[in-house]
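Written out below as structure tokens is the structure these notes cover.
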Amino acid sequence: MSVVEARLSEMGLTLPDAPVPVGAYTTWVAAGDLLFLSGTTCYVDGGLMSVGKVGSEVSLDEARQAARQTALNLLAVLRQALGDLDRVARVVKVNGYVNSAAGFDRQPEVINGASELFLAVFGDRGVHARTSIGVSELPGRIPVEIEMVVQVRPGPNAGPG
Amino acid sequence: MSVVEARLSEMGLTLPDAPVPVGAYTTWVAAGDLLFLSGTTCYVDGGLMSVGKVGSEVSLDEARQAARQTALNLLAVLRQALGDLDRVARVVKVNGYVNSAAGFDRQPEVINGASELFLAVFGDRGVHARTSIGVSELPGRIPVEIEMVVQVRPGPNAGPG
Amino acid sequence: MSVVEARLSEMGLTLPDAPVPVGAYTTWVAAGDLLFLSGTTCYVDGGLMSVGKVGSEVSLDEARQAARQTALNLLAVLRQALGDLDRVARVVKVNGYVNSAAGFDRQPEVINGASELFLAVFGDRGVHARTSIGVSELPGRIPVEIEMVVQVRPGPNAGPG
């Protein structure tokens, strides 16, 4: 078993199925050793972990959990793309968009739910640059949307992408 | 004639003039084989195809058309940058920002107007990763703003950039 | 003294200390010759140059100044990362997020405060692709958040990142 998947297992985490795009695009594209991942959200068991604006309909703690679930879904995309999460050389950049109620300004604490999972799973290779912003609307009223750029070690990419 | 421009022609499309930056920046920059394109919008014939918030002032269908026109303007930037659209190796990443009325949550359907054009024009090379979000304000009240990253085949880049 | 730092000096500018991340991430990550910088804002002397929504609480001119200060903070990150600003080969991409009051649509004029500084400091190497959007909320009610991608010349990267 790969080192990273062993760590996931120790943490009691199992990767979900990779999310399916909800439009005319795909979940990842490789360009050289960079992998660009599409924005995704807190899908869980065929539904969403939470829905609505953070700071009113969704609490800060629920939003952090939603960001963590979103990060799990991004890991599922990476495993689908790479075959093995040990091929992640570095999490380069994370962009987090928080569906924010008027006056909610704690977006970084929300996105920490994702960032902390990447750190726990990848260690030093999980340390990333990041931007967190608050937006007024997200597709299907999801509370959070996260995209990322990852640098990968050489090897054959898998499907479907 | 290049394969991609022949396809555009079959689709009855002609590329507009490339948009002019509205600030202290340029429309594209190359770094290695990646081309980073500035965010642009639905310019047409010296004006805008539509103006205002999607979901109130601009209908979903109008917004889809605006996204498609924005994609045409991005293609015009690519032709200006590359000389020949056949040098596009892959549309890597598309980010779409929709000027959203309160409660409008169908951003992916809007941005599909751009994504579907890239698929039609480039085929498999047009399949991209994507993020669509809703924002509260865009420059000059444009309904949609789209930026992209493209991987290109070697060759001399043209101007103006 | 490096050429770029001499120019800063001529302009009467001194670089501030590099900003400290306010979450589980770092201020920059290198991938090949690209440097991805985290979103940052108008920190000055341990505080913020301005706070609140542009177009109501913060004027256009104050916001431009805030964007310029944000650009200075990004330069401080670059010096921390690279040791010497002359190693900047090209400012590739700038993304500017403006905390916008309802109806404020002059985001490009705000972000010009940053873009014009990059042009003044780096000359042709400072010409970049750019996207400016308006958002409804930003962390800690900052008026502007800016992130960037920079291409660098070979050389050892420094810390802390």
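Residue numbers (the numbering used here), protein chains in the order written: chain A, 11 to 171; chain B, 11 to 171; chain C, 11 to 171. Heads up, the beta-carbon is just placed ideally off N, CA and C, and yes, glycines get one too.
So, at 7 Å on beta carbons, what are the nonlocal neighbours of C:Ser66 in its own chain, with the 5 sequence-adjacent residues on each side left out? Here residue 66 of chain C corresponds to residue number 56 of the third sequence, with the count starting at 1. Closer than 7 Å at Cβ, skipping near neighbours: Ala111.
Going along chain A in order, which residues have a C-beta closer than 8 Å to the C-beta of C:Tyr53? Position 43 of the third sequence, counted from the start, is the residue given in the question as residue 53 of chain C. The contacting residues do not exist; C:Tyr53 stays about 14 Å from chain A at best.
Skipping 5 residues on each side, what residues in its chain have a beta carbon closer than 8 Å to that of C:Leu44? Here residue 44 of chain C refers to the residue found at position 34 of the third sequence. Excluding sequence neighbours, C:Leu44 sits near Val102, Val159, Val160, Gln161 and Val162.
I need the straight-line Cα distance from C:Val39 to A:Arg140, nearest angstrom please. The residue you call residue 39 of chain C lines up with position 29 of the third sequence. The residue you call residue 140 of chain A lines up with position 130 of the first sequence. Near 9 Å, if we compare the C-alpha coordinates of A:Arg140 and C:Val39.
Could you tell me whether the segment 81-92 of chain B touches the segment 127-147 of chain A, using the rule of 3 or more Cβ pairs below 8 Å? With the rule of 3 Cβ pairs closer than 8 Å, the segment 81-92 of chain B does not count as touching the segment 127-147 of chain A.
Once the 5 residues before and after B:Ser60 are set aside, which same chain residues still bring their CB inside 6 Å of it? Position 50 of the second sequence, counted from the start, is the residue given in the question as residue 60 of chain B. Around B:Ser60: Val68, Glu72, Ala76 and Pro153.
Going straight from the alpha carbon of B:Tyr107 to that of A:Tyr35, what length do you get? Indexing the second sequence from 1 puts residue 107 of chain B at position 97. Indexing the first sequence from 1 puts residue 35 of chain A at position 25. Spanning the two alpha carbons is a distance of roughly 16 Å.
Just by C-beta distance, which residues in the segment 140-159 of chain A are closer than 8 Å to chain C? Those residues of the segment 140-159 of chain A that come within reach of chain C (Cβ to Cβ, closer than 8 Å) are Arg140, Thr141, Ser142, Ile143, Gly144, Val145, Ser146 and Val159.
Do you know whose CA, among C:Asn83, C:Gln79 and C:Gly42, lies nearest C:Pro29's CA? The sequence position of residue 29 of chain C within the third sequence is 19, counting from 1. Of the listed residues, the one whose Cα sits closest to C:Pro29 is C:Asn83.
Could you pull out every residue in the same chain whose Cβ sits closer than 7 Å to the Cβ of B:Arg78, ignoring the five residues on either side in sequence? By one-based count along the second sequence, residue 78 of chain B stands at place 68. Correct list, in chain order: Gly123, Ala124 and Leu127.
Return the chain-ordered list of same chain residues with a C-beta closer than 7 Å to the C-beta of B:Arg116, the five sequence neighbours on each side being excluded. As a first step, residue 116 of chain B is located in the second sequence; it is residue number 106 there, counting from the start. Excluding residues within five positions, the ones whose Cβ falls inside 7 Å are Leu70.
If I measure Cβ to Cβ from A:Asn167 and keep anything under 7 Å in the same chain, skipping five residues before and after, which residues do I get? Numbered from its first residue, the first sequence carries residue 167 of chain A at position 157. By the criterion of a C-beta distance shorter than 7 Å, A:Asn167 is surrounded in its chain by Ala40, Ala91 and Leu92, once the five residues flanking it on both sides are discounted.
Taking the DSSP output, what are the residues bridged to B:Tyr53? For the purposes of this step, residue 53 of chain B is identified with residue 43 of the second sequence, where counting begins at 1. Residue pairing for B:Tyr53: DSSP places it in a beta bridge opposite B:Leu58.
Residues bridged to C:Gly110 [DSSP beta-bridge criterion]: Your numbering for residue 110 of chain C matches position 100 in the third sequence. Checking the sequence shown, residue 110 of chain C turns out to be Ser, not Gly. Residue pairing from DSSP places C:Ser110 in a beta bridge opposite C:Val64.
Report the neighbours of C:Leu47 on chain A: residues whose CB is nearer than 8 Å to its CB, in chain order. The count along the third sequence starts at 1 and reaches residue 47 of chain C at position 37. Ordered by position in chain A, the residues that pass the 8 Å Cβ test against C:Leu47 are Ala139.
Going by DSSP in three states, B:Ser125 sits in which element: helix, strand or coil? Reading the second sequence from its first residue, position 115 is the one you call residue 125 of chain B. Three-state result, B:Ser125: helix.
Would you kindly report the start and end of the unbroken alpha helix (DSSP H) that includes B:Thr80? Residue mapping note: residue 80 of chain B aligns to position 70 of the second sequence, counting from 1. Counting along the chain, the alpha helix (DSSP H) containing B:Thr80 begins and ends at Leu70 to Leu92.
Per DSSP, what are the beta-bridge partners of B:Ala40 in this structure? Locating residue 40 of chain B in the second sequence gives position 30, counting from the first residue. Note: B:Ala40 sits in a beta bridge opposite B:Leu45.
Could you name the residues of chain A that C:Gly33 contacts, counting a contact when the two beta carbons are closer than 8 Å? Within the third sequence, the letter at position 23 stands for residue 33 of chain C. Chain A residues near C:Gly33: Pro118, Glu119, Ile121, Asn122, Ser125, Arg140 and Ser142.
With 16 as the cutoff for other CB atoms within 10 Å, does A:Ser19 come out buried or exposed? Position 9 of the first sequence, counting from 1, holds the residue named residue 19 of chain A. The C-beta of A:Ser19 has fewer than 16 other C-beta atoms within 10 Å across all chains shown, which makes the residue exposed.
Against chain A, with Cβ distances strictly below 8 Å, would B:Val104 count as a contact? Position 94 of the second sequence, counting from 1, holds the residue named residue 104 of chain B. Any Cβ of chain A closer than 8 Å to the Cβ of B:Val104 would place that residue at the interface, and such an atom is present.
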